[in-house]
Amino acid sequence: MEELAQVAIDAALNAGVMFADVRIENSTTTIIELNDGITRQSMASRMKGAGIRAFIDGAWAFAQTTNLSREGMRATGRSVAKLARATREKVADRFKIEGPVFEDNVKLNVKKPFDTVSIDEKMQFVKLIDDQARNFDKRIVATRTIYGELTSEIFIANTLGTRVYLQNTIPRIISVPTAKEGPNRQRIQQSISLRSGFEEMETENAQTIGIRASQLAIELLSSKTAEGGIYDVVIDPALNGVVTHEAFGHATEADNWPAHSTVLEEKLNETVGPEYLSISDDPTLTGMRGSTEYDWEGTKTKKRLLVKDGILTDLLHSLETSSRLGLEPNGAARAQSFMHVPLPRMSNTFMEPKDWDVDELIEDTKKGILLCSFNYGYTQSAKGQFMFQASHGYLIENGEKGTMVRDVSLAGNILEILAKVDAIGKDFELEAGTCGKDGQSIPTMTGGPHARIRQVPVGGM
Amino acid sequence: MKHAEKLGASQAEAYVGQSRAFAIEAENSAIRNAEEKRDAGIGVRAVIDKRIGFAFVTTLSKKDVREAVTSSVKLARASIPDPEFVSLPASDGSYPIVKGLFDKNIAELPSDATADMIIRILDASKEVLEGRNYAISAGVQSSSGMNAIVNSLGISFSEKRSSIFLYCSPVVKETDDQTTSYDYQLTRDLTEINPEQVGKNAAELTLSVLGPKTIESGEMPVVFAPLGGGTVIGYGFAGAVSAEEVQKGRSYVTDAFGDVIASDNIEIFDDALLTGGLGSRTFDAEGFRSQRTSIIEKGVLKGFLHNSYTAYKDKVPNTGNASRPSYSGLPSISTSNLILSPGRGTLDDLVSEIDRGVLCRNTADRPNMTTGDLSAMLYEGFYIERGEIKHPLKNTLVGINMRDLLQRINQVGSDTKATLAMITPSFVVENAVVTSG
Chain A
27 MEELAQVAID
37 AALNAGVMFA
47 DVRIENSTTT
57 IIELNDGITR
67 QSMASRMKGA
77 GIRAFIDGAW
87 AFAQTTNLSR
97 EGMRATGRSV
107 AKLARATREK
117 VADRFKIEGP
127 VFEDNVKLNV
137 KKPFDTVSID
147 EKMQFVKLID
157 DQARNFDKRI
167 VATRTIYGEL
177 TSEIFIANTL
187 GTRVYLQNTI
197 PRIISVPTAK
207 EGPNRQRIQQ
217 SISLRSGFEE
227 METENAQTIG
237 IRASQLAIEL
247 LSSKTAEGGI
257 YDVVIDPALN
267 GVVTHEAFGH
277 ATEADNWPAH
287 STVLEEKLNE
297 TVGPEYLSIS
307 DDPTLTGMRG
317 STEYDWEGTK
327 TKKRLLVKDG
337 ILTDLLHSLE
347 TSSRLGLEPN
357 GAARAQSFMH
367 VPLPRMSNTF
377 MEPKDWDVDE
387 LIEDTKKGIL
397 LCSFNYGYTQ
407 SAKGQFMFQA
417 SHGYLIENGE
427 KGTMVRDVSL
437 AGNILEILAK
447 VDAIGKDFEL
457 EAGTCGKDGQ
467 SIPTMTGGPH
477 ARIRQVPVGG
487 M
Chain B
102 MKHAEKLGAS
112 QAEAYVGQSR
122 AFAIEAENSA
132 IRNAEEKRDA
142 GIGVRAVIDK
152 RIGFAFVTTL
162 SKKDVREAVT
172 SSVKLARASI
182 PDPEFVSLPA
192 SDGSYPIVKG
202 LFDKNIAELP
212 SDATADMIIR
222 ILDASKEVLE
232 GRNYAISAGV
242 QSSSGMNAIV
252 NSLGISFSEK
262 RSSIFLYCSP
272 VVKETDDQTT
282 SYDYQLTRDL
292 TEINPEQVGK
302 NAAELTLSVL
312 GPKTIESGEM
322 PVVFAPLGGG
332 TVIGYGFAGA
342 VSAEEVQKGR
352 SYVTDAFGDV
362 IASDNIEIFD
372 DALLTGGLGS
382 RTFDAEGFRS
392 QRTSIIEKGV
402 LKGFLHNSYT
412 AYKDKVPNTG
422 NASRPSYSGL
432 PSISTSNLIL
442 SPGRGTLDDL
452 VSEIDRGVLC
462 RNTADRPNMT
472 TGDLSAMLYE
482 GFYIERGEIK
492 HPLKNTLVGI
502 NMRDLLQRIN
512 QVGSDTKATL
522 AMITPSFVVE
532 NAVVTSG
């Protein structure tokens, strides 16, 4: 791989560019999906190819090839450099790409590599979860269970001299049962995913996920739709993660600065929230879905203290953004595959825990709503507007958890919401997620403690 | 296919997808990067009795293709048989002719011409924003490609398609406010493109959402412009009439076939034969012939969208709605061109009849497909009072169940627009819960 990368880099440099980088990827995935006890999908794939970027004076060009021969790499290196040079005549901002050089060969040691477990064993595991979800209660009318595994090897090289070889393996199990009683139907999704081999699918937690999913789906049958209004909201760790990720994390991606597309543009080193609030993005955590030793530009990753004691102290950088803003690179450039350009992205994002006991937090909330888990969320950084939806929740009346409610949506503004966080729990949990940006999906984790947000609009039916 | 059969597959299918896309993007009102993507790969589906395996690879080299075939057969053997599976689709002879899918001028568009278009977008946008603090993102992407499908039952087709996409998204900053909006154009016909219009519209739309406010919450009518309505119906209703979701009991219209589910002025259909339509094609993602399918007529639910699996299972005609993400996935079900038939009146006409309500120009939200509950943030929304738009909205959500939404559409406009989700005019939902704060 090293030699092929060098061929492409040399071809680009000879064509007269200032910077070039190459990602050569060889990844495999397996997906097994059962619906109602029957195989709906069993799929294997191999992604093999190279993505090459060339840069000159502020102009970027990108191309990809699946022709991993010397000729293929040379031709693509040359053509991408030509494209960068043609683009250069039309760019406005001139700048350079700078960054530290890394050479490393990272081996990921997992207890049970995927290829040591037979396809039949994996099928049995999916069947176990699907059966336990369906057999949990006769009101479970449909089950859907998906197992996925990703094994990737990637080699990154650039003209600064970086040469990094990375490995990753991520398994995932998802259980989606549907419960029905009379005309009322409810569906729930639960998932577990970590950075590991198959061993994390053999834990008691993973082996019983179908039961927990079905239990929640059955409980939801007796839930009500929430009445829309302004509420004091307590969010659970899973939902806190989504709030932190959507309502804040995206706006700290540093490619927003040159594009002038974040409401946080003037806020670096300024107060953005109360002094007891800290938000971190940490790709160095062991075994988490969003973790990686180096990013997809070959920069060593480190923990990012995005908000420390209420002050915006760090951003998520690619080499371009750290170079243009004159800040320290921190290894946040990620791409979905060799077919995509690396962009500043989150990894494992969470609100740091503080001192509230969860029961006391609920008791202290006289009238409000406890929101749990999430269906989805999104944000528009340039406007500061975000929205997310909890999968379920409970009304809080006189400090007690009451009626169960479902599909509760919450909308708000990035700059307004953090100031409304008035109590942060001492518990902590991270949940598996997938983050999308510019058509690229990447594995992430999000979480934090329970927390309370005062007076926010909650949508109802 | 032959190799799969040799390894023991009773039926096999190969899907080859090949594409080329060229894109130029601008950031902070100036060109920044160019991209050329060439992609070619193959997906192989192997059937052994009622067991199915699938594998794909992102290259077309013989060795990799053989590996994909071997994996798909191996996966089929390991699968749990699906008693409801009958067969891959067969070719039934007559295929329609669909025009306007491929434009040589788009496939061969020189990179200079693309750069010229983006500059025209930027210039038109800047003209509207002159004297303000702004930063414009814009892009032009031309794509072309072909797909080919071959199976053991005589299906053997290929088709070329091309399209061009233009977008513009300005950010405008004022002392105590900053906002953004966007406009785009996606077409298969190069002569249709209008970069100036995209740039100008995007800028005007952005200015229109400056200074958003909240309103007093309550129940009120909601006017959906094509972009917002397209998301709600094009994703939120289309997903519910997928036969797979219906058969699995996961759709909120599962038990409603033949029932009145919408007001009687509603007609919705799916038409894969539309000339130059973005979802148009001669055959679907399994190679089955395309058609026009009625979904709602005079408010009555008349049809679901099928692929070969769901059609065989229900013993009904296949509507040819198999879709897949090129070579990299198994067929699922989706719309081709979903169309809400127009009624009368412009968006302004519809707004002029509202005493107190909101306009949803855009939303990104979809309902819970099982319950139909929809809670949609007004990504771009406006407050309407006495027939006039008063101001843009922030932190505002519209809540309604999809079954109620369909029943409460009391007016459909004539301002039909092709959005990414569907082809639809504006329409009015007479009552929904609006929460703002």
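Protein sequences, first through last, are from chains A and B.
Residue numbering for the first sequence is 27 to 487, as defined by the numbering used here.
Residue numbering for the second sequence is 102 to 538, as defined by the numbering used here.
Just so it is clear, CB atoms sit at the ideal spot from N, CA and C, and this is done for glycine as well.
### Task
Report the option in 389(A), 348(A) and 384(A) whose CA atom is closest to the CA atom of residue 369(A).
By alpha-carbon distance to residue 369(A), the top candidate from 389(A), 348(A) and 384(A) is 348(A).
### Query
Hey, is the region 480-500 of chain B in contact with the region 362-373 of chain B, meaning 3+ C-beta pairs nearer than 8 Å?
no
### Query
Whose C-beta lies closer than 8 Å to the C-beta of residue 416(B) among residues of the same chain, with five residues either side of it excluded?
none
### Query
In the structure shown, what three-state DSSP assignment does residue 55(A) receive?
strand
### Query
Looking at the C-beta of residue 45(A), does it have a partner C-beta in chain B at a distance below 8 Å?
no
### Task
Can you pull the chain A residues whose beta carbon is under 8 Å from the beta carbon of residue 503(B), in chain order?
Under the 8 Å cutoff, chain A gives no residues; its nearest Cβ is about 11 Å from residue 503(B).
### Query
Short check: CB of residue 152(B) to CB of residue 177(B), under 8 Å?
By the CB criterion at 8 Å, residue 152(B) and residue 177(B) fall inside the cutoff.
### Message
Check whether chain B comes within 8 Å of residue 142(A), counting only Cβ atoms and requiring the distance to be less than that.
### Response
no
#### Entry: Span of the alpha helix (DSSP H) around residue 228(A)
Residue 228(A) -> no alpha helix (DSSP H), and no H or E assigned at all.
### Query
Is residue 429(B) near residue 71(A), with beta carbons less than 8 Å apart?
yes
### Query
If you compare alpha carbons, which of 397(A), 234(A), 336(A) and 29(A) is closest to residue 422(A)?
397(A)
### Message
I'd like to check one pair, residue 241(B) with residue 267(B): are the Cβ atoms closer than 8 Å?
### Response
Cβ distance < 8 Å, so residue 267(B) and residue 241(B) count as in contact.
### Query
Shorter than 8 Å from the beta carbon of residue 254(A) to some beta carbon of chain B?
yes
### Query
How many angstroms separate the CA atom of residue 408(A) from the CA atom of residue 289(B)?
31 Å
### Message
List, in chain order, every chain D residue whose beta-carbon is nearer than 8 Å to that of residue 155(B).
### Response
Judged by its chain identifiers, the structure shown contains no chain D, and its protein chains are A and B.
### Task
Take residue 484(B) as the anchor and find which of 526(B), 317(B) and 468(B) has the nearest alpha-carbon.
317(B)
### Query
Which residues in chain A sit within 8 Å of residue 244(B), going by Cβ to Cβ distance?
Within 8 Å Cβ-Cβ: nothing; residue 244(B) doesn't reach chain A, min ~13 Å.
### Task
Please state if the CB of residue 330(B) and the CB of residue 527(B) are separated by a distance shorter than 8 Å.
yes
### Query
Between the region 253-287 of chain A and chain B, which residues of the former have a C-beta closer than 7 Å to a C-beta of the latter?
254, 255, 256, 284, 285, 286 and 287
### Task
Would you identify the three-state DSSP class for residue 509(B), choosing helix, strand or coil?
coil
### Query
Taking Cβ positions only, does residue 195(A) come closer than 8 Å to chain B?
no
### Message
Per DSSP, what are the beta-bridge partners of residue 518(B) in this structure?
### Response
Partner(s): 525(B).
### Message
Using only CA atoms, which one of 109(B), 183(B), 117(B) and 511(B) lies nearest to residue 363(B)?
### Response
511(B)
### Message
Extract the residue ranges of the beta strand (DSSP E) inside the region 391-448 of chain A, only unbroken runs of 3 or more that lie entirely within it.
### Response
393-398, 402-406, 411-423 and 426-439
### Task
Could you check how far apart the C-beta atoms of residue 425(A) and residue 384(A) are, in whole angstroms? I think they sit under 8 Å.
Going by Cβ atoms, the distance from residue 425(A) to residue 384(A) rounds to 13 Å, so no, they are not a contact pair.
### Task
Give the C-beta separation of residue 114(A) and residue 80(A) to the nearest angstrom, bearing in mind that I take them to be a contact with Cβ-Cβ under 8 Å.
Rounded to whole angstroms, the Cβ separation of residue 114(A) and residue 80(A) is 10 Å, and the two are not in contact under 8 Å.
### Query
Grouping DSSP H, G and I as helix and E and B as strand, with all else coil, what is residue 242(B)?
In the displayed model, residue 242(B) falls within a strand according to three-state DSSP.
### Message
Can you look up residue 466(A) in the DSSP assignment and give me helix, strand or coil?
### Response
strand
### Query
For residue 144(B), which residues of its own chain have a beta-carbon under 6 Å away from its beta-carbon, when the five flanking residues on both sides are left out?
116, 157 and 428
### Query
Considering only residues of the same chain and omitting the five flanking positions on each side of residue 460(A), which have a CB-CB separation below 8 Å?
467, 468, 469 and 470
### For residue 369(B), three-class secondary structure by DSSP
strand
### Query
Is the Cβ-Cβ distance between residue 483(A) and residue 453(A) less than 8 Å?
no
### Query
Thinking C-beta only, is residue 174(A) closer than 8 Å to residue 159(B)?
Contact check for residue 159(B) against residue 174(A) fails: the beta carbons are separated by 8 Å or more.
### Query
In terms of residue numbering, what span does the alpha helix (DSSP H) encompassing residue 151(A) cover?
145-160
### Query
Should the region 270-281 of chain A be regarded as contacting the region 363-379 of chain A, the criterion being three or more beta carbon pairs within less than 8 Å?
yes
#### Entry: Residue closest to residue 95(A), alpha-carbon to alpha-carbon, out of 46(A), 34(A) and 146(A)
34(A)
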